[in-house]
Each structure stands twice: as C-alpha cells, then as structure tokens.
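Numbering (our numbering), first residue to last: 4 to 80. We put the CB at the ideal spot given by N, CA and C, even for glycine. Remember, it's a predicted structure, so these values are computed and weren't measured experimentally. Inspection log for the structure reproduced underneath, given as structure tokens.
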C-alpha cells in the first residue's frame, strides 16, 4: 500500500489529507491520471510530485510502501 498526500486545492477536491492506495508498479503519471479521473482533480499536469520526500518525474515507478505527495504550484509574492 501507498500513502498519497494532497496539498492546497487538491486536498479540498479529494476531501481528505491523504489516501491509502495500491499504486505499486504504476508510474507517477499513471497514478496522477487515475486519481484525476476518480476525484475530478484539476490541472494534475502542473502538479509537482514527491516520492518519499524527493521530487519525482512522471515516469518514476512507484514501489510498495512509497509515500507520494502531490503539490500544486504556489503563487504569491
């Protein structure tokens, strides 16, 4: 199982701070697409992803036990 964390508007859209999902063997891009479809998440293509607290590319493969965080872009000044 994997813990998937959501921040900012993604947390609001999902309605939870995190989910427990089985993402083992999927790429980051596959997980993004799956969650975007299931929870109607906006603009997942602009979201940064961290796997085990390190930024990850869309082609990174998720392993069992990995913690994934989705972090939307931040604006402000």
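- Run of the alpha helix (DSSP H) containing residue 31, from where it starts to where it stops: 31–42
- Message: Taking only three categories from DSSP, how would you classify residue 54?
- Response: strand
- Item | residue 42 beta carbon less than 8 Å from that of residue 7 | no
- Task: Go ahead and label residue 83 buried or exposed: buried means 16 or more other beta carbons lie within 10 angstroms of its beta carbon, across all protein chains shown.
- Result: Here the chain covers residues 4 to 80 and nothing more, so residue 83 does not appear.
- Task: Can you grab the Cα-Cα spacing for the pair residue 28 / residue 14, in whole Å?
- Result: 24 Å
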